[in-house]
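Below is one structure, written out as structure tokens, with a few remarks after it.
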Ligand SMILES: C[S@@+](CC[C@H](N)C(=O)[O-])C[C@H]1O[C@@H](n2cnc3c(N)ncnc32)[C@H](O)[C@@H]1O
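Residue numbers (the numbering used here): 20 to 290.
As structure tokens, this is what we get:
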């Protein structure tokens, strides 16, 4: 087990803006406090599209899960699950394929509290405390193993979570560790904020998130599309690749593209 000094989340401190609760506010949720709303409003002033992006991210999650069900996947591990909202992974997956098993993982105590209350709706769904920086501990968790059979294909989703990791925390190696731990025919999904060329908004947003995260971690927001593409090494990216997630298999009318902040997403198969 690797030790990781320095908290990347604020626990129960309601005076400290918290990324999960800020995301909840962008989505119009109620699980946020004054400090979260103040920080989130500052982000919205710097980059108003952040709200559209949060909504687009959840829509991407829905399309990705439906795609994975179509590929025959019936087991999902959602790492960095976030505060429960509508159309969480188990709702989408179990509607498309009843009996699909879903394990939610997060390291934030507030997320875990809400997730246990709202997401553990049935025997096929569980919430597990875990840190994406320790993927093997997550996969070894007995509560996860009760639901997920790692001898069969599984989808591991890391949506909007790896950009909270500093470069030194080697997010690419985390994806590779997961890739090597799952059987062929499994899928890995990643969505990640990517740096626009010369965007000013990202600097302002970075500054705000530095108060909610440790300063090194927020450096993950500076990754380029190329940097994150490298995370998919040894995997087969399904069409259309790692793209602006509003353009990933859009259903019906394409969602509005973002202006200054870019969120990219992709789903890849372990060959
Ligand atoms: C923006 S939310 C993403 C929610 C959801 N995955 C989505 O795409 O809509 C990011 C979540 O990642 C969690 N997170 C951040 N760092 C993490 C870590 N090191 N391990 C596990 N979860 C982490 C946060 O607590 C938060 O709930």
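Note that CB positions come from ideal geometry on N, CA and C, so glycine has one too.
For the segment 199-212 against the segment 168-183, are there 3 or more C-beta pairs whose distance is under 8 angstroms?
-> yes
Within 8 angstroms, strictly: CB atoms of residue 54 and residue 227 | For the purposes of this step, residue 54 is taken as residue 35 along the chain shown, with counting starting at 1. For the purposes of this step, residue 227 is taken as residue 208 along the chain shown, with counting starting at 1. Taking 8 angstroms as the Cβ cut-off, residue 54 and residue 227 do not qualify as a contacting pair.
Around the Cβ of residue 203, are there at least 16 other Cβ atoms within 10 angstroms (buried) or fewer (exposed)?
-> By 1-based counting over the chain shown, the position of residue 203 is 184. Classification of residue 203: exposed, given that the 10 Å Cβ count is below 16.
Any heavy atom of ligand 1 within a distance shorter than 7 angstroms of the CB on residue 98?
-> Within the chain shown, the letter at position 79 stands for residue 98. Yes - ligand 1 has a heavy atom lying nearer than 7 angstroms to the Cβ of residue 98.
Is the beta carbon of residue 109 sitting closer than 8 angstroms to the one on residue 140?
-> The sequence position of residue 109 within the chain shown is 90, counting from 1. The sequence position of residue 140 within the chain shown is 121, counting from 1. It is a contact, given that the beta carbons lie within the stated cut-off.
Check whether the segment 144-155 touches the segment 112-131, counting contact only when three or more Cβ pairs, one atom from each stretch, lie closer than 8 angstroms.
-> The answer is yes - the segment 112-131 touches the segment 144-155, with three or more Cβ pairs under 8 angstroms.
Quick one, are the C-beta atoms of residue 173 and residue 96 less than 8 angstroms apart?
-> To locate residue 173, count along the chain shown from 1; it is residue 154. To locate residue 96, count along the chain shown from 1; it is residue 77. It is a contact, given that the beta carbons lie within the stated cut-off.
Please state if the CB of residue 93 and the CB of residue 119 are separated by a distance shorter than 8 angstroms.
-> The sequence position of residue 119 within the chain shown is 100, counting from 1. The sequence position of residue 93 within the chain shown is 74, counting from 1. Contact: yes.
If residue 283 sits next to residue 251, beta carbons under 8 angstroms apart, how far is it from one beta carbon to the other, in whole angstroms?
-> Indexing the chain shown from 1 puts residue 283 at position 264. Indexing the chain shown from 1 puts residue 251 at position 232. The Cβ separation is near 11 angstroms, so there is no contact.
Could you give the DSSP three-state label for residue 87: helix, strand or coil?
-> Against the chain shown, residue 87 aligns to sequence position 68. Note: residue 87 maps to helix in three-state DSSP.
Own chain partners of residue 112 with C-beta closer than 7 angstroms, once the 5 adjacent residues on each side are dropped | Walking along the chain shown from the start, residue 112 turns up at place 93. 84, 88, 95, 119 and 121.
Report the rounded CA-to-CA distance for residue 46 versus residue 206, giving the unit in angstroms.
-> Along the chain shown, read from residue 1 onward, the residue named residue 46 stands at position 27. Along the chain shown, read from residue 1 onward, the residue named residue 206 stands at position 187. Their Cα atoms are separated by approximately 27 angstroms.
Quick one: measure Cβ to Cβ for residue 64 and residue 106, integer angstroms, because I've assumed they're closer than 8 angstroms.
-> Taking the first residue of the chain shown as 1, we reach residue 64 at position 45. Taking the first residue of the chain shown as 1, we reach residue 106 at position 87. With 8 angstroms as the limit, residue 64 and residue 106 do not qualify as a contact, their Cβ atoms being about 28 angstroms apart.
To the nearest whole angstrom, what separates the beta carbons of residue 264 and residue 75, a pair I think is in contact under 8 angstroms?
-> Along the chain shown, read from residue 1 onward, the residue named residue 264 stands at position 245. Along the chain shown, read from residue 1 onward, the residue named residue 75 stands at position 56. Rounded, the Cβ-Cβ distance is 6 angstroms, consistent with contact.
Report buried or exposed for residue 222, applying the criterion of at least 16 other Cβ atoms within 10 angstroms of its Cβ.
-> Residue mapping note: residue 222 aligns to position 203 of the chain shown, counting from 1. Exposed: under 16 other Cβ atoms inside 10 Å.
Whether residue 157 touches residue 193 by CB criterion (8 angstroms) | Here residue 157 corresponds to residue number 138 of the chain shown, with the count starting at 1. Here residue 193 corresponds to residue number 174 of the chain shown, with the count starting at 1. Result no, Cβ atoms of residue 157 and residue 193 do not sit closer than 8 angstroms.
Alpha-carbon spacing of residue 49 relative to residue 39, whole angstroms | Residue 49 sits at position 30 when you count from the first residue of the chain shown. Residue 39 sits at position 20 when you count from the first residue of the chain shown. In a straight line, the C-alpha of residue 49 is about 12 angstroms away from that of residue 39.
Does the Cβ of residue 239 lie closer than 7 angstroms to at least one heavy atom of ligand 1?
-> One-based indexing of the chain shown puts residue 239 at position 220. No, the beta carbon of residue 239 sits no closer than 7 angstroms to any heavy atom of ligand 1.
Does the beta carbon of residue 80 fall short of 7 angstroms from some heavy atom of ligand 1?
-> Locating residue 80 in the chain shown gives position 61, where the first residue counts as 1. Checking every heavy atom of ligand 1 against the Cβ of residue 80, one is found closer than 7 angstroms.
Proximal residues to residue 256 (C-beta, below 7 angstroms), its chain only, five neighbours per side dropped = The count along the chain shown starts at 1 and reaches residue 256 at position 237. The beta carbon of residue 256 sits closer than 7 angstroms to those of 285 and 287, all from its chain and outside the five residues before and after it, given in chain order.
With a threshold of 16 other CB atoms inside 10 Å of the CB of residue 188, please say whether the residue is buried or exposed.
-> Here the question's residue 188 lines up with position 169 in the chain shown. Buried, by the Cβ-count rule.
Is it the case that the CB of residue 96 approaches a heavy atom of ligand 3 more closely than 7 angstroms?
-> In the structure on display, ligand 3 does not appear, and the ligands it does have are ligand 1.
Enumerate, from N- to C-terminal direction, the unbroken alpha helix (DSSP H) stretches of 4 or more residues contained entirely within the segment 87-116.
-> 108-115
Segment limits, alpha helix (DSSP H) that includes residue 42 | By one-based count along the chain shown, residue 42 stands at place 23. That run of the alpha helix (DSSP H) goes 38-45.
Going by DSSP, which residues form a beta bridge with residue 287?
-> Mapped onto the chain shown, residue 287 falls at position 268. Answer is 207 and 256.
Using only alpha-carbon positions, find the residue among 42, 162 and 155 that is nearest to residue 199.
-> In the chain shown, counting from the first residue as 1, residue 199 sits at position 180. Checking every option, the nearest Cα to that of residue 199 belongs to 155.
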